[in-house]
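As structure tokens, this is what we get:
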């Protein structure tokens with residue numbers, strides 16, 4: 106314990122005394138972002154709290170899962186990251202529950218319509234296919250509709266930019282008897298580009314001494330193709346299929362199929378974008394299936410009015426369907442929306458938006474967002490940014506909830522009003538400090554396994570601080586701290602009251618990159634996932650108290666020069682910290698098998714692997730052949 110705390114203190118002091126830029130999490134420094142406005146803008150011009158993870162940073166963390174990386178974003182809590190590689194994860198932004206964070210893939214909302222909460226299984230996408238990730242904290246339903254209440258995770262998939270055909274092969278193995286393989290092929294020929302990927306992984310999982318061994322298997326396939334018809338029109342088509350199997354006495358399998366197309370038309374003063382997307386999700390226990398479909402289409406016009414004003418207007422259509430042998434249900438949402446961005450004088454930027462959500466099952470909602478910010482150039486080296494926002498957002502009840510709702514209590518959408526303000530200080534990109542205070546008020550909340558709106562208003566308050574500094578061109582450090590309070594005793598996927606982390610990154614030293622991080626998570630109470638019934642027919646769940654814990658993570662990569670081979674090693678929970686429920690809490694509470702799946706672990710998670718760049722390897726083999734054999 107002393108060693109773990111010592112490492113954490115050393116890293117925290119290093120992050121406050123040295124300089125850092127290229128840490129595990131990109132801060133407010135250099136990259137453009139899109140998620141907050143739906144068009145590219147320098148991150149310093151955005152009035153929202155946005156973190157961007159680039160492809161370079163992802164490659165430095167080979168062997169880790171998407172959930173592992175997202176858990177290091179200030180304000181994010183991913184339960185399950187310290188379990189085996191293919192076990193499920195529950196995500197939360199700023200104390201919200203899982204369906205209040207919207208997942209986007211290439212700008213398309215893809216949350217799963219199955220069961221009581223519409224969420225996306227992070228296991229369905231392979232990290233090898235991701236080009237970049239943008240994480241926006243706070244509500245922005247005016248741009249994205251239902252689900253964008255506490256956060257947005259926007260994933261951008263890879264696109265081939267190198268002429269000809271290239272690809273990579275990735276193989277790894279590790280603890281939990283885990284094995285994984287993936288292959289990616291991509292090509293670019295003038296107007297046409299494509300990417301094809303396939304991935305497979307298998308591992309065992311023992312969540313606690315009370316549970317039987319469980320094995321997980323995951324397989325996935327994806328295709329992306331793009332064609333530039335002319336200078337003004339580009340068409341993308343895509344398809345994904347993933348399957349996850351869990352075996353523990355009886356088998357449970359989930360499948361997701363996604364198909365879609367996106368067209369972008371360049372006009373004289375802007376762009377017109379059209380989207381058509383359909384996903385089908387199936388969960389199949391031994392005796393029956395649950396099936397949900399999500400059909401989404403949208404048309405949006407991005408108009409550059411003049412040099413300082415831009416407006417985005419459009420309308421989206423979404424139809425969600427749910428069916429099982431017990432029930433069937435569906436609903437439709439049609440949302441016109443518009444958003445205005447103004448770059449004013451004195452470094453003042455203002456973004457404002459409105460959305461009218463028309464739902465087939467309840468009355469329409471009018472949503473708004475006002476987001477001013479100001480950049481102040483203190484001198485040639487120091488820039489200070491002040492920002493704030495007021496926004497409303499909503500989460501539509503799911504088809505599962507509509508199907509089980511009490512007839513005398515028609516369901517209403519959950520509604521949130523969010524406030525935030527903060528500052529970002531940037532000193533020549535060598536020191537970045539971001540501090541933000543946020544508050545969220547929630548009404549009409551629908552608890553898990555309840556099909557009625559609660560009367561109690563939920564209030565969440567929090568503060569986060571993020572520091573990034575640069576020691577040299579090769580060494581960087583960062584530290585972050587988040588504090589959160591709520592007037593509720595329990596929430597789905599509740600964020601701990603205190604969470605902080607520090608990390609140190611060494612890069613570009615003899616083809617080696619090293620990252621080490623320390624992460625502390627405070628004690629918290631969580632719903633167990635086990636449902637009990639009272640005599641009046643209402644649902645309630647047992648509660649579990651989880652003890653505070655701290656872990657040290659380590660990852661490193663080594664590139665064999667000119668061979669196309671990259672060796673990597675990663676270790677979550679390097680010092681083998683045991684995390685488990687502390688005590689049962691509340692009436693009817695109990696610790697049962699499966700309840701610890703999201704938050705407990707029985708040891709460290711280690712992965713060894715190798716990645717091969719096929720184009721570089723082919724060149725290396727050809728050079729070697731000519732050198733030794735003369736042909």
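In this note's numbering, the protein residues as written are 106 to 736. All residues carry an ideal CB built from backbone N, CA and C; glycine is no exception. From a predicted model like this one, the values you see are computed outputs, not experimental measurements.
Going by other Cβ atoms of all chains shown within 10 Å of its Cβ, with 16 needed for buried, is residue i buried or exposed?
| i | result |
| --- | --- |
| residue 345 | buried |
| residue 511 | exposed |
| residue 451 | exposed |
| residue 716 | buried |
| residue 142 | buried |
| residue 334 | exposed |
| residue 734 | exposed |
| residue 449 | exposed |
| residue 374 | exposed |
| residue 615 | exposed |
| residue 539 | buried |
| residue 343 | buried |
| residue 537 | buried |
| residue 282 | exposed |
| residue 728 | exposed |
| residue 629 | buried |
| residue 520 | buried |
| residue 363 | buried |
| residue 562 | exposed |
Among the options, whose alpha-carbon lies nearest the alpha-carbon of residue i?
| i | options | result |
| --- | --- | --- |
| residue 608 | 657, 382, 149, 567 | 657 |
| residue 570 | 148, 154, 463, 146 | 154 |
| residue 251 | 556, 678, 461 | 461 |
| residue 145 | 407, 214, 247, 730 | 407 |
| residue 236 | 262, 256, 227, 506 | 262 |
| residue 181 | 666, 192, 206 | 206 |
| residue 490 | 430, 455, 529 | 529 |
| residue 383 | 431, 527, 199, 210 | 210 |
| residue 758 | 389, 442, 230 | Here the chain has residues from 106 to 736 only, and residue 758 is not among them. |
| residue 204 | 405, 624, 192, 552 | 552 |
Can you give me the start and stop residues for the beta strand (DSSP E) that residue i sits inside?
| i | result |
| --- | --- |
| residue 730 | Where residue 730 is concerned, there is no enclosing beta strand (DSSP E), although the alpha helix (DSSP H) it sits in stretches over 719-734. |
| residue 555 | That residue, residue 555, is in no beta strand (DSSP E); it is neither H nor E in DSSP. |
| residue 457 | 453-464 |
| residue 664 | 654-665 |
| residue 473 | 470-482 |
| residue 600 | No beta strand (DSSP E) holds residue 600; DSSP gives it neither H nor E. |
DSSP three-state call for residue i: helix, strand or coil?
| i | result |
| --- | --- |
| residue 373 | coil |
| residue 414 | strand |
| residue 244 | coil |
| residue 239 | strand |
| residue 625 | strand |
| residue 227 | helix |
| residue 332 | strand |
| residue 349 | strand |
| residue 619 | strand |
| residue 270 | strand |
| residue 142 | coil |
| residue 545 | strand |
| residue 430 | coil |
Taking the straight line between their C-alpha atoms, what separation do you get for residue i and residue j?
| i | j | result |
| --- | --- | --- |
| residue 359 | residue 217 | 11 Å |
| residue 492 | residue 147 | 15 Å |
| residue 306 | residue 480 | 47 Å |
| residue 223 | residue 402 | 18 Å |
| residue 581 | residue 427 | 48 Å |
| residue 163 | residue 347 | 21 Å |
| residue 287 | residue 276 | 7 Å |
| residue 243 | residue 321 | 33 Å |
| residue 585 | residue 400 | 38 Å |
| residue 325 | residue 531 | 41 Å |
| residue 710 | residue 265 | 32 Å |
| residue 726 | residue 668 | 8 Å |
| residue 414 | residue 455 | 10 Å |
| residue 371 | residue 336 | 8 Å |
| residue 730 | residue 301 | 30 Å |
| residue 748 | residue 271 | An answer regarding residue 748 cannot be provided, because it is not within the stretch 106 to 736 covered by the chain. |
| residue 150 | residue 478 | 8 Å |
| residue 83 | residue 651 | This structure cannot speak to residue 83, because the chain is shown only from 106 to 736. |
| residue 610 | residue 174 | 14 Å |
| residue 515 | residue 213 | 29 Å |
Ends of the alpha helix (DSSP H) at residue i?
| i | result |
| --- | --- |
| residue 511 | Where residue 511 is concerned, there is no enclosing alpha helix (DSSP H), given that its DSSP letter is neither H nor E. |
| residue 174 | 171-175 |
| residue 160 | 160-164 |
At a cut-off of 7 Å, would you count residue i as near the ligand GTP, judging by its Cβ distance to the nearest heavy atom?
| i | result |
| --- | --- |
| residue 192 | No copy of the ligand GTP occurs in the structure displayed, which carries no ligand at all. |
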